[in-house]
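One structure is given below, encoded as structure tokens.
In mature numbering (1 follows the signal peptide of the UniProt record, and there is no 0), the protein residues as written are -24 to -1, 1 to 889.
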């Protein structure tokens, strides 16, 4: 910063404390707190928390309680740094520039730096910015610019930068070829280029002035987005073009350059072509096979084509070209312009034009002619090529190119609103691809059960005319397809913004919207927009609000968005104020945190913006489809919300998605619908997959597991140790919650040396000699088993608790609680006559099987309802056992039981019951 007038410390204080003055469109407070998140460019100055464009002036604002310092004037000035123009803030004290006054009692008026005599209001020389053109006037004055980039158009600018003769021809891209179109909209310069088949995508694009100084430079995505790949175009935008550079554009003193490497570049001048206002088709012409390469090196041309399908069909061709002249062609050179069907090889149009004074860089010509309706349809379907050639030697000097969709990057979009009170809504979009087919997409909400008809309708005339039926491609509220051969009947209303999309059902529901042209760059260079649906809907009293938004992430990891709203009720005298939020909200795990960010507060029904500084994990969540966008009005009475996903460059993503919910669902082709389906759990700032177990980070003596989308934790129960209290280690090493018995290898004095010896079970480490209950999700700790880590062999054994035999009938035995290992007899139940000893065969019976009686005699057992059995009988009434067969032994799959009411043996098999 350049400071004058001894104001170093005050100005530094201004920069540190100057608040951001918010106007109609506000930047989110979250972004204000972190100023680095706001994207700004080399041609902009940052002062306090405001971005100033190059050439602007302002008075320094100290904020409360000092306010504006009207004697400190600041400017955003250009500074040359090598070949680049960098913006810098320069402030100076203008108090010494005040004029000398002749009156005795001068006064200081509010908002002035200099005093003035009473009645003299022109004494103050301090003035702020001069009056500028309105945005509408400026846009009208900056329309219809184009360029042609060839080796010949690059010569003059390269010779200024490097005047050596060899620099002109030492260009590896001398025979590359491109043509561009430029649209100025809302202080942004949108650009679109066609490249020849032999021209690769450049590494970067530069906007330069007449001296070769770089005003703006952008890196080109080598892959391109969905729109660029479908159309074969190169699209982009120079945002917030400074006032001084807009003047260069208006005066046709701005140039654009493509760079592939230091010695490979093309440059062309941005010129105002009036024919661009009606351009419908474009062509890029290059030297054909068999021409004289010596004469035509670095040559090329572009054609701007428009047609009319009225009562007298006609065509208008405007040409910009070079390289079609012989060395002795100095004046009045005739050229031939020819339009032909390149597949059937017949000439549709042949005209002669005259070039009064040939130029090595750029020449201009135009042709107007009548055209048949059949040939006009061939033109719209990309079947015609255009050639321009020398009349003297047409084989040696000839440029040819196919006529295709116009070179501008255009997207046509609309929101579909209901004409009657309804909850239904939708959106539609369309564009022309590289072969001239009309690709379209339609999304409908609320008409799924009404089987609507979707049509394209021309609403430009007195009567609406149905042109195309899109209903066959409508499946589940979505229609995606293409019209391979759209003729002038469809293209003219599309270009004139008179083509509407109508969805109507037999029940009377109808959605309508007119396709409007929008420039494509950043956010719109994606597969499709996102429909923002309504939330908190009551009974519909009007069509209801609806929104669409395009989302994209660029190579610099910035998130770009372009929003359009419609359907809001008539506003009050004050315009509607909205807020746009971004959420990476994993609804997949109960209790997971919601990352919510206010992107922007704005007025009006459209918004273009971007945000930088998103973390790699936020971008990863957005790419995996768990990002959400929300638009609310100031009173939060209308809410529009939708999930979305956007492709992010690999360089913007984390190296790994460790323990993030996105890693749980990244491999799911379909988005999850509930917590149970995803199985993702959130616990203590971390995410866990279904079935996993872990130790709580806040309590090392608590084990947790993920079960059906919920995290469940249990405190570690300590098994009883066999040693006396005095021989227990009361302070075991960290990570071990239960005491262990002291051994010669694990006394308190040498615990540190023994910490490395132990066992691992289910990912958990246990010291040698320790014991614990195993953790078995989803039940939790199994207190009926005790695992031990052998102090010598370091082997893990987990025997179950041995239950004592019951002294009562098992039918009345019970467990005192759910975690009890053994059943107990009721306290009031008399002791059974059954002995506690049994044979080895009896011990192998199931736990709920009664023990055979050995004290009572066989007669006593039978008289009381017992059963006879050849092997091992008799048995008491109600007893069960496995029978034995001499040839097979005990039959484990067969169970016998002695019934009470009808003494005898009953047998069952298969399930042991």
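Here a beta-carbon is modelled for each residue, glycine too, at the ideal position from N, C-alpha and C.
- Counting C-beta pairs with one atom in each stretch, the stretch 182 to 202 and the stretch 263 to 282 have fewer than three that are closer than 8 angstroms, which means they do not touch.
- Here residue 837 carries a helix assignment [DSSP, helix/strand/coil].
- For residue 469 and residue 299, the gap between their C-alpha atoms comes out near 37 angstroms.
- Per the Cβ contact rule, the stretch 422 to 437 is in contact with the stretch 470 to 477 (3 or more Cβ pairs under 8 angstroms).
- Counting C-beta atoms within 10 angstroms of its own C-beta, residue 685 has 16 or more neighbours from the protein chains shown and is therefore classed as buried.
- If you look at residue 484, you'll find it isn't in any beta strand (DSSP E); DSSP assigns it neither H nor E.
- Annotation: residue 318 is outside any beta strand (DSSP E) and is labelled neither H nor E by DSSP.
- Rounded to whole angstroms, the separation of the alpha carbons of residue 49 and residue 165 is 30 angstroms.
- Residue burial annotation: residue 89 is buried, with at least 16 other C-beta atoms found within 10 angstroms of its C-beta.
- Apart from sequence neighbours up to five positions away, the residues of its chain that approach residue 751 with a beta-carbon distance below 6 angstroms are 679 and 757, ordered along the chain.
- As the crow flies, the alpha-carbon of residue 157 is around 19 angstroms from that of residue 241.
- For residue 339, the uninterrupted beta strand (DSSP E) run begins and ends at 339 to 346, by DSSP.
- Of the candidates 573, 122 and 188, the residue whose Cα lies closest to the Cα of residue 383 is 122.
- DSSP lists 310 as the bridge partner or partners of residue 330.
- The beta carbon of residue 337 is closer than 8 angstroms to those of 128, 129, 131, 132 and 298 in its chain, skipping five residues each way along the sequence.
- Following the DSSP letters along the chain, one finds residue 219 in no beta strand (DSSP E) but inside the alpha helix (DSSP H) bounded by residues 219 to 226.
- Rounded to the nearest angstrom, the Cβ distance from residue 575 to residue 596 is 19 angstroms, too far for a contact under 8 angstroms.
- Counting along the chain, residue 740 sits inside the beta strand (DSSP E) bounded by residues 740 to 743.
- Given a length threshold of 3 residues, each whole run of the beta strand (DSSP E) inside the stretch 398 to 435 is given here in chain order: 401 to 408, 414 to 421 and 429 to 434.
- For residue 611, the number of other beta carbons within 10 angstroms of its own is below 16, and it is reported as exposed.
- Residue 500 and residue 357 do not touch by the CB rule: their CB atoms are close to 26 angstroms apart, not below 8 angstroms.
- Note: residue 683 is bridge-paired with 686 in the DSSP secondary-structure output.
- Taking a 10 Å sphere around the C-beta of residue 341, we find 16 or more other C-beta atoms and assign the residue as buried.
- Secondary structure of residue 464 (DSSP, three-state): helix.
- Contact annotation: residue 236 and residue 179 have beta-carbon atoms nearer than 8 angstroms.
- The alpha-carbon separation between residue 355 and residue 376 amounts to approximately 15 angstroms.
- Residue 22: not part of any alpha helix (DSSP H); member of the beta strand (DSSP E) spanning 20 to 23, first to last residue.
- Residue pairing for residue 388: DSSP places it in a beta bridge opposite 406 and 493.
- In the structure shown, the three-state DSSP call for residue 54 is strand.
- Relative to the Cα of residue 151, the nearest Cα in the group 161, 175, 167 and 230 belongs to 175.
- Here the alpha carbons of residue 86 and residue 79 stand approximately 19 angstroms from one another.
- Taking the CA atoms as reference points, residue 526 sits about 36 angstroms from residue 59.
- Between residue 704 and residue 718, the C-beta gap is smaller than 8 angstroms, which places the two residues in contact.
- Separation of residue 790 and residue 803 (C-alpha to C-alpha, rounded to the nearest whole angstrom) is 11 angstroms.
- Proximity of the stretch 440 to 459 to the stretch 409 to 422 meets the contact definition, three or more beta-carbon pairs being nearer than 8 angstroms.
- CA-to-CA, the gap between residue 442 and residue 432 works out to about 6 angstroms.
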